[in-house]
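Participant: Supplied in structure tokens, the structure appears directly below.
Residue numbers (the working numbering): 213 to 852.
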């Protein structure tokens, strides 16, 4: 809570004085209490020495009665003496008086004021027997000083600190009372002074507040006393100037607001146009690209490929590059638009690494590199698809930029996390560029923008995906030695019992498979180019194709056939607003169970969740022909 001006002035006036008073009082009290205790220590030392001198003959002669008188008189003379005892050289008590606790005594030696507990001071003084040489009474001082001395016992004195503690408490009470009275008096004086200063200031503050609310007619009294007259004149002049310029300021603010609104509307229109463009690109570009890939696959198995293999290979390379570019741009747009929602769960990291090895081993062999992946028997908590995408990009980049040696994927298990590292033997990354490489379209060592070296979006996508998962992504590098990219994933303590997603195509079946397929395939697709491409590809693989563009046509084709199709490939979104999932479920109800493969250019989380919920596999368009063929073979084998 904000304090008022008067309270703040009182605080400024009282706080330093109060602190000084408290500190001085504390210092004087500590000094007084220390003097009391020091005086008690001095008195105790003197008492113990006097008793040691007086007890020498009694200990030597064994007169216990005299020693008892000595200890008793000591207690009577000084009320602070709690107890006194005289000990012989063997440690036996010859005489004692008062309340003593021998069990707490330390080994006998000269002790001056050692504390026993909170309220007892212990003094121990040795009793010496001195031999006086009488052979030569005229011997010098050195001879007499060399006389032998022997410890024949000890005097033990215990002094009580209760009186000292009582005096200390009384001193503290008096000091606190004096400090409180001084603070009260100072507070009263400070309040009187503060009121004389703050009242005019509060009035000025109120006038300024009313002016700030728009009441330009408010003025301070011109006859304000003392040094506040310049303040009153300044406030009145300020109100006059504000009143003159207020209209001009309002006009400027209104004009600036109109400009900002125009810019805001333009930015919103640009954002909407970008969203519409990307939405259209996501579907309208994927569909013909999907058809193009299928046509190229059919071309690769035709007579043209046997006569012009290089031409077909160049066409396939161009299609792959176009597909990678489209995927990267759309992924960047979806990440920036917040359209990707991670599905966090527990999964074995080893399965991701196995798929990584299988998918990239061929690329490593083609470049003459070694790809080593160390297995990791650990479960992690994250999104398996996004983690696999990150590692696929990192390992793919390492293979692309490494000319000799190899790439190693290793896992280091820490306390609650696992560090997945991708090592390469490339040229390394300069220190100045280790953050720059995570920006869009940044490539090192590729000024000519060679497409074979990538598009410069892989690491940018990795950084965005890592931020989406809330995990760390970093890099270490040495020029001429290579680089290490790493991510850190949280570890699950107990391995959960996972299950494969319903209808998911096993990764082992997603590789390019040269075997032929057998069976009748119903293709339900609204795009004519995609239908034609599907027909050409499936026929070239050995299958029989039935084509349909709409729900009604699909039902008609199945009803007029003697045998229902073995497998249905259906687009997730059909013309007329018909859903692909609903159509294949209707086909299964009427014609019995059949294998189902959904395809779609819609890669949203909602579409994937709908396919998983129905138990159907969903492939993203454009589908690579090899992956499509492997999926068809797998689904047909499972059905048979």
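Glycine included, every Cβ here is placed at the ideal spot set by N, Cα and C.
In whole angstroms, what is the alpha-carbon distance linking residue 304 and residue 366?
Facilitator: Rounded to whole angstroms, residue 304 to residue 366 spans 10 Å at the Cα level.
Participant: Check residue 806 in the structure and name its three-state DSSP category.
Facilitator: DSSP places residue 806 in coil when its eight states are reduced to three.
Participant: When DSSP labels each residue in this structure, what does residue 785 get in the three-state scheme?
Facilitator: Residue state, collapsed to three classes: strand.
Participant: Going along the chain, which residues of its own chain have a beta-carbon closer than 8 Å to the beta-carbon of residue 792, five neighbours each way excluded?
Facilitator: Only 736, 782, 783, 784, 785, 786, 810 and 812 meet the Cβ criterion.
Participant: List in chain order: all unbroken alpha helix (DSSP H) runs of 4+ residues lying wholly within the stretch 554-596.
Facilitator: 561-578, all fully within the stretch 554-596.
Participant: Going straight from the alpha carbon of residue 501 to that of residue 627, what length do you get?
Facilitator: In a straight line, the C-alpha of residue 501 is about 47 Å away from that of residue 627.
Participant: Below 7 Å between beta carbons: does that hold for residue 535 and residue 834?
Facilitator: In this structure, residue 834 lies closer than 7 Å to residue 535 by Cβ.
Participant: Are residue 276 and residue 307 closer than 7 Å when you measure CB to CB?
Facilitator: Yes, these two residues count as a Cβ contact at 7 Å.
Participant: Tell me the DSSP secondary structure of residue 377 in three-state form.
Facilitator: Residue state, collapsed to three classes: helix.
Participant: Out of 797, 841 and 848, which has the shortest C-alpha to C-alpha gap to residue 827?
Facilitator: The option with the nearest alpha carbon to residue 827 is 797.
Participant: Put residue 170 into one of helix, strand or coil per three-state DSSP.
Facilitator: This structure gives no information on residue 170, because the portion of the chain shown stretches from 213 to 852.
Participant: Could you have a look at residue 773 and say whether DSSP puts it in helix, strand or coil?
Facilitator: In the structure shown, residue 773 sits in coil (DSSP, three-state: anything other than H, G, I, E or B).
Participant: Considering only the beta carbon of each residue, do residue 602 and residue 554 sit closer than 7 Å?
Facilitator: For residue 602 and residue 554, no; Cβs fall outside 7 Å.
Participant: Between which two residues does the alpha helix (DSSP H) harbouring residue 289 extend?
Facilitator: Counting along the chain, the alpha helix (DSSP H) containing residue 289 begins and ends at 276-289.
Participant: Let's test the definition: count the other Cβ atoms within 10 Å of the Cβ of residue 302 and tell me whether it reaches 16, buried, or not, exposed.
Facilitator: That one is exposed.
Participant: Could you tell me how far apart the beta carbons of residue 368 and residue 297 are, in whole angstroms, since I believe they sit closer than 8 Å?
Facilitator: Indeed, because the Cβ distance is near 4 Å, the residues count as touching under 8 Å.
Participant: By DSSP, does residue 635 sit in helix, in strand, or in coil?
Facilitator: In the structure shown, residue 635 sits in a strand (DSSP, three-state: E or B).
Participant: Is it a yes or a no for the stretch 242-249 touching the stretch 259-270, going by three-plus beta-carbon pairs under 8 Å?
Facilitator: Taking 8 Å as the limit for Cβ pairs, the verdict is that the stretch 259-270 does not touch the stretch 242-249.
Participant: Quick check: the Cα distance between residue 654 and residue 688, rounded to an integer number of angstroms?
Facilitator: Between residue 654 and residue 688, the C-alpha separation is close to 18 Å.
Participant: Who are the near neighbours of residue 721 in its chain, counting only those whose CB is closer than 6 Å to its CB and skipping five residues on each side?
Facilitator: For residue 721, the predicted model reports a pLDDT of 39, less than 50, meaning its position is unreliable and no value from the coordinates is stated.
Participant: Taking its Cβ as the centre, do 16 or more other Cβ atoms sit within 10 Å of residue 473, making it buried, or is it exposed?
Facilitator: It counts as exposed.
Participant: Give a yes or no on whether the C-beta atoms belonging to residue 614 and residue 638 are separated by under 7 Å.
Facilitator: It is a contact, given that the beta carbons lie within the stated cut-off.
Participant: Thinking C-beta only, is residue 683 closer than 7 Å to residue 632?
Facilitator: For residue 632 and residue 683, no; Cβs fall outside 7 Å.
Participant: Taking the alpha-carbon of residue 604 as reference, which of 565, 617 and 589 has the nearest alpha-carbon?
Facilitator: Selected option, being the one with the closest Cα: 565.
Participant: DSSP three-state call for residue 365: helix, strand or coil?
Facilitator: Of the three classes helix, strand and coil, the one that applies to residue 365 here is strand, per DSSP.
Participant: Using DSSP bridges, identify the partner residues of residue 832.
Facilitator: Paired residues: 812.
Participant: Assign residue 482 to buried or exposed, taking buried as 16 or more other Cβ atoms, counted over all protein chains shown, within 10 Å of its Cβ.
Facilitator: Result: exposed.
Participant: With a cut-off of 8 Å on the beta carbons, I'd call residue 268 and residue 336 a contact; round off their distance for me.
Facilitator: That pair is no contact at about 16 Å.
Participant: What does DSSP give as the partner residues of residue 333 in its beta bridges?
Facilitator: Answer by DSSP bridge pairing, in chain order: 327 and 371.
Participant: Pick out whichever of 621, 523 and 480 has its Cα sitting closest to the Cα of residue 567.
Facilitator: The candidate whose alpha carbon is nearest that of residue 567 is 621.
Participant: Are residue 207 and residue 387 close, meaning C-beta to C-beta below 7 Å?
Facilitator: In the structure displayed, the chain extends from 213 to 852; residue 207 sits before or after that span and is not available.
Participant: Does DSSP classify residue 246 as helix, strand or coil?
Facilitator: Helix at residue 246.
Participant: If we ignore side chains and look at the alpha-carbon of each, how far apart do residue 718 and residue 636 end up?
Facilitator: At residue 718, the pLDDT of 43 sits below 50, so the modelled position is not reliable; the number obtained from the coordinates is stated separately. Going from the Cα of residue 718 to the Cα of residue 636 covers about 29 Å.
Participant: For the beta strand (DSSP E) containing residue 307, name the first residue and the last one.
Facilitator: 305-310 is the span of the beta strand (DSSP E), which, as asked, contains residue 307.
Participant: Throw me the rounded Cβ distance for the residue 592 and residue 701 pair, which I believe falls under 8 Å.
Facilitator: Yes, residue 592 and residue 701 are in contact; Cβ-Cβ is about 4 Å, under 8 Å.
Participant: Please classify residue 822: is it buried, with 16 or more other beta-carbons within 10 angstroms of its beta-carbon, or exposed?
Facilitator: Buried, by the Cβ-count rule.
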